[in-house]
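Chains as they are written, first to last, in the working numbering: chain S, 51 to 840; chain X, 2 to 192. As structure tokens, the structure follows; a few thoughts come after it.
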């Protein structure tokens with residue numbers, strides 16, 4: 051009777067098996083045949099490979115299920131049964147553990163690809179839910195090149211199995227995964243998700259993989275797996291060969307054992323000979339168990355952020371409280387404003403971003419899910435998910451790509467019982483407020499006592515202590531002379547106990563004038579008291595100056611380089627402003643024609659009170675756009691100039707809209723979409739910009755849009771014009787399907803099609819009402835249709 | 002064969018630039034140089050290639066044992082006994098950079114320049130193919146009658162799925178977006 055793997059893992063070095071494909075080629079795998087198909091027709095061959103590895107000394111054999119999933123094989127269960135059957139027969143009576151092998155789906159997840167995160171979870175779950183009943187001892191998620199897909203697989207394993215989860219990823223020689231994640235970022239996320247072991251496989255051979263192994267061991271508290279390829283594959287005489295032989299490979303495994311790898315084995319190109327040699331070489335090296343690191347770490351999809359080394363700035367601007375523009379954008383479902391705030395805060399020096407969408411009249415769960423996804427599409431800073439509602443936290447933690455900060459939990463029973471299980475399941479560093487049902491204690495001792503109560507519950511729920519950061523809360527000094535002192539003393543007391551501390555700094559000055567004066571001074575003192583993380587406004591020069599000055603003064607800014615860079619940057623900005631002082635653009639029309647966005651904004655702002663919105667639009671903006679459009683059609687201007695003019699017009703429209711709401715609307719609605727299956731949208735976005743600059747209300751459905759959603763949007767918006775785009779020949783069919791459905795469901799809408807693959811005759815053939823060869827053509831065709839309709 | 006390409010050393014062909022930007026002027030557009038530098042910094046360019054036997058006949062080509070029906074590819078590979086299958090990518094960093102463009106002009110500029118960069122990277126990859134013979138021009142799935150689905154074979158045969166992380170969407174498009182798959186014939190006789 052073999053021991054449960056969890057009892058063995060971390061007590062001795064385990065040996066994994068090696069490659070499967072090359073051995074199957076030797077045993078009759080046909081050209082182009084997938085290993086799993088050979089497993090169906092010749093399961094005895096798979097069994098013989100497993101036996102060979104066990105005889106070579108492998109403790110763990112890996113099922114022949116790497117390429118099996120419900121996306122590729124409708125009858126995937128038959129494949130799983132065949133593969134697990136072969137593994138069971140081979141392992142029977144040997145004590146070998148059976149690893150249920152889970153490989154990538156073969157598709158890239160959104161936003162880089164087209165597979166939805168939850169669909170990926172479902173695909174993995176389809177297979178994994180059978181692993182236990184078919185006799186597997188562990189789930190091995192391997193050869194993953196993308197952090198997000200790895201998370202989908204781990205969640206599927208957690209939700210559909212009780213088996214220990216091993217995860218091993220592919221890193222390149224720069225030490226990153228294909229989609230940019232570092233080993234430290236992966237360790238942070240995977241340990242948060244509760245996996246039993248992390249590591250690397252495949253990659254570029256053992257010599258190039260060893261440095262990554264070192265980083266994994268330095269970061270991980272769980273055992274580390276090392277299963278590299280036998281070098282880089284090359285084709286010689288029609289055969290794939292690898293450039294590292296068994297003896298050389300075993301030398302690297304010896305090094306890996308010395309470094310502290312807990313599980314060693316092989317991947318592509320390795321054979322039982324490699325594993326046998328590695329077992330012999332490494333046997334004399336005493337096992338080094340993994341060491342608990344106890345670091346407080348969050349991560350994005352690219353990098354890890356350690357809390358407690360240098361003070362961390364969390365940008366506070368993505369929070370609708372007191373921000374009318376953000377409120378309006380959220381109510382319209384327009385996230386462009388949010389994305390701009392995200393990028394600009396990082397540009398100003400934020401290490402992480404707080405994200406709060408708490409508005410009473412929006413669907414906070416849906417907005418948070420969408421917001422997290424959109425922000426992570428463009429910004430790689432770790433995020434702090436901020437909501438008072440556990441269901442919002444869960445929705446965001448589930449889809450977050452990395453390990454988030456979670457804001458927040460307090461000492462009330464309801465809060466602890468709803469938030470801590472989420473941290474346990476999805477991973478995260480939780481901000482713990484030192485308050486309970488009775489409010490915030492007035493004294494240092496009272497707040498510290500609450501912190502200790504929270505920590506007891508944290509242990510009870512199985513959350514790691516290092517995944518808690520306490521916020522001792524800061525009340526305004528306007529309402530109590532001792533408020534700041536109590537907070538600062540609480541920070542010191544918590545730090546003495548070894549805890550990490552966070553503060554929402556600006557609360558200290560609530561109700562006072564010139565708040566930055568108080569805030570920046572308080573921030574500096576709090577940093578001196580040991581504050582680890584501050585939620586502040588990175589756009590505040592006073593706060594960021596205080597931050598950079600503290601970093602320099604505390605010896606955390608080598609040679610004051612960041613401080614100096616900041617001063618130079620500010621100086622450069624001033625200089626550039628001065629250099630633009632002599633203005634030559636004097637009318638809005640010229641500014642738009644020349645594509646001078648800043649000038650267009652300035653001139654629109656100056657001219658609206660005097661000329662009025664309509665005169666500006668009809669007398670300056672539209673004629674300017676028409677002039678550039680004509681020049682474009684005549685070959686005297688090019689697409690970049692057209693775009694710059696449209697950007698300038700749109701910026702001027704925004705100003706006019708602020709001054710005279712509704713004035714910029716020409717009364718017509720256009721729905722735009724790139725059809726299902728097509729992920730290109732640059733052309734569609736250009737069309738959108740042009741339509742907006744002519745005053746149309748544009749409902750942009752994005753890319754890869756199903757026909758049903760297009761029809762729904764046209765029906766619900768009452769749009770008169772629908773613009774559809776397709777770039778690839780493979781998506782013309784999808785374009786035709788969409789036109790057909792919309793014509794049936796919404797016969798009154800006029801459909802204009804465009805995109806690289808479309809022609810006028812093809813547009814006619816699929817039943818569209820019009821064809822636009824380019825963006826300006828689309829606007830003209832729409833105007834003609836609307837005029838004719840009248 | 003697998004190698005990295007230093008994107009910072011890639012040279013954008015002026016004719017390619019004019020075609021992609023739709024712009025007659027040789028003068029850099031507003032923000033163009035900065036955009037090119039940003040993209041070169043974001044790129045993680047690499048290629049992989051494998052040499053396979055070729056036989057041509059009856060409007061079809063046998064390429065490493067894979068039968069591909071294509072008159073145009075047959076013409077390109079006539080006189081070749083071998084060919085390189087080639088996969089080149091700028092990596093996912095470019096896809097992220099393209100998503101970061103906050104305005105349409107910036108997005109257009111970034112898309113056009115990254116198109117130029119992937120062409121330059123493919124040229125660089127071809128120049129590194131170890132070969133004593135002359136090579137044909139690159140011929141990619143989607144050119145003329147060469148079906149897009151051939152891309153899947155090239156990616157699989159070169160190992161670009163594992164080595165470069167190349168995947169296909171449901172409708173057959175490659176990710177990372179700025180990825181090229183191609184066939185390069187090796188002509189009989191020495192250079």
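We put the CB at the ideal spot given by N, CA and C, even for glycine.
Taking 8 Å as the CB-CB cut-off, is residue i touching chain X?
i, result
"residue 627 (chain S)", "Because residue 627 (chain S) carries a pLDDT of 35, less than 50, the predicted location of this residue cannot be relied on, and the following value inherits that uncertainty. Not one chain X Cβ lies under 8 Å of residue 627 (chain S)."
"residue 735 (chain S)", "yes"
"residue 354 (chain S)", "no"
"residue 221 (chain S)", "no"
"residue 688 (chain S)", "yes"
"residue 157 (chain S)", "yes"
"residue 252 (chain S)", "yes"
"residue 521 (chain S)", "no"
"residue 623 (chain S)", "In this prediction, residue 623 (chain S) scores a pLDDT of 48, lower than 50, which makes its location untrustworthy; no coordinate-derived value is stated."
"residue 11 (chain S)", "In the structure as shown, chain S starts at 51 and stops at 840, and residue 11 (chain S) therefore has no counterpart that could be examined."
Return the residue from the list the options that minimises the CA-CA distance to residue i.
i, options, result
"residue 116 (chain X)", "X:5, X:147 and X:15", "X:15"
"residue 727 (chain S)", "X:93, X:170 and X:183", "X:170"
"residue 689 (chain S)", "X:90, X:120 and X:105", "X:105"
"residue 42 (chain X)", "X:95, X:73, X:160 and X:140", "X:95"
"residue 245 (chain S)", "S:273, S:256, S:103 and S:235", "S:273"
"residue 462 (chain S)", "S:426, S:500 and S:434", "S:500"
"residue 27 (chain S)", "S:590, S:324 and S:511", "For residue 27 (chain S) there is no data in the structure shown, the boundaries of chain S being 51 and 840."
"residue 188 (chain X)", "X:127, X:163, X:93 and X:136", "X:136"
The alpha helix (DSSP H) that contains residue i, what's its start and end?
i, result
"residue 430 (chain S)", "Segment: none, residue 430 (chain S) is in no alpha helix (DSSP H) and carries neither H nor E."
"residue 68 (chain X)", "First-last for residue 68 (chain X): 67–70, but that is the beta strand (DSSP E), not the alpha helix (DSSP H)."
"residue 235 (chain S)", "233–242"
"residue 74 (chain S)", "71–76"
"residue 734 (chain S)", "732–743"
If you follow the beta strand (DSSP E) that residue i is part of, which residue opens it and which one closes it?
i, result
"residue 346 (chain S)", "346–349"
"residue 772 (chain S)", "771–775"
"residue 525 (chain S)", "Run containing residue 525 (chain S): none; DSSP gives neither H nor E here."
"residue 367 (chain S)", "362–368"
Just grab the DSSP bridge partners of residue i for me.
i, result
"residue 450 (chain S)", "Per DSSP, none; premise fails for residue 450 (chain S)."
"residue 659 (chain S)", "Residue 659 (chain S) is not bridged to any residue."
"residue 48 (chain X)", "X:4 and X:89"
"residue 62 (chain S)", "S:59"
"residue 114 (chain S)", "According to DSSP, residue 114 (chain S) bridges with nothing at all."
"residue 276 (chain S)", "S:250 and S:314"
"residue 219 (chain S)", "S:194 and S:250"
Between residue i and chain S, is there a C-beta pair that is closer than 8 Å?
i, result
"residue 176 (chain X)", "yes"
"residue 22 (chain X)", "yes"
"residue 103 (chain X)", "yes"
"residue 30 (chain X)", "yes"
"residue 180 (chain X)", "no"
"residue 172 (chain X)", "yes"
"residue 68 (chain X)", "no"
"residue 36 (chain X)", "no"
"residue 39 (chain X)", "no"
"residue 96 (chain X)", "yes"
*Residues of the segment 391–421 of chain S with a CB closer than 8 Å to any CB of chain X: list them in chain order, please.*
The segment 391–421 of chain S vs chain X, Cβ under 8 Å: 393.
_By the 7 Å beta-carbon criterion, what residues does the segment 77–88 of chain S contribute toward chain X?_
Against chain X - using a Cβ distance shorter than 7 Å - the residues of the segment 77–88 of chain S are 81.
*Interfacial residues, the segment 103–121 of chain X to chain S, with Cβ spacing under 8 Å*: Flagged, chain order: 103, 104, 105, 106, 108, 109, 110 and 112.
_Tell me which residues of the segment 111–143 of chain S have at least one Cβ-Cβ distance to chain X shorter than 7 Å, keeping chain order._
Near chain X, meaning a CB-to-CB distance below 7 Å, no residue of the segment 111–143 of chain S qualifies.
*When Cβ atoms are compared, which residues of the segment 425–440 of chain S fall closer than 9 Å to chain X?*
Those residues of the segment 425–440 of chain S that come within reach of chain X (Cβ to Cβ, closer than 9 Å) are 427, 428, 429 and 430.
*Please list the residues of the segment 745–760 of chain S that have a C-beta atom closer than 7 Å to any C-beta atom in chain X, keeping them in chain order.*
Listed by position along the chain: nothing, the set is empty.
*Listed from N- to C-terminal order along the chain, which residues in the segment 126–156 of chain X have their beta-carbon within a distance smaller than 7 Å of any beta-carbon of chain S?*
Residues passing the 7 Å Cβ filter: 149.
*asked:* So if I threshold CB-CB distances at 7 Å, which residues from the segment 820–838 of chain S count as touching chain X?
replied: Identification of residues in the segment 820–838 of chain S having a C-beta nearer than 7 Å to some C-beta of chain X yields an empty set.
_Short-range partners of chain X found in the segment 718–731 of chain S, where Cβ spacing is below 7 Å_ = Going along the segment 718–731 of chain S in chain order, one finds 727, 728 and 729 with a Cβ nearer than 7 Å to chain X.
*Could you please tell me which residues of the segment 690–704 of chain S, in chain order, have their CB closer than 8 Å to any CB of chain A?*
Among the chains of the structure shown, chain A does not appear; the protein chains present are S and X.
*If you measure beta-carbon to beta-carbon, which residues of the segment 186–202 of chain S are closer than 9 Å to chain X?*
Interface annotation for the segment 186–202 of chain S against chain X: 193, 195 and 196, criterion Cβ-Cβ distance under 9 Å.
*Determine which residues of the segment 780–798 of chain S have a Cβ less than 7 Å from any Cβ of chain X, and write them out in chain order.*
For the segment 780–798 of chain S, residues whose beta-carbon sits nearer than 7 Å to a beta-carbon of chain X comprise 780 and 781.
*Closer than 9 Å, Cβ to any Cβ of chain X: which residues of the segment 225–252 of chain S, in chain order?*
For the segment 225–252 of chain S, the set of residues with a beta-carbon nearer than 9 Å to any beta-carbon of chain X comprises 226, 227, 228, 229, 230 and 252, in chain order.
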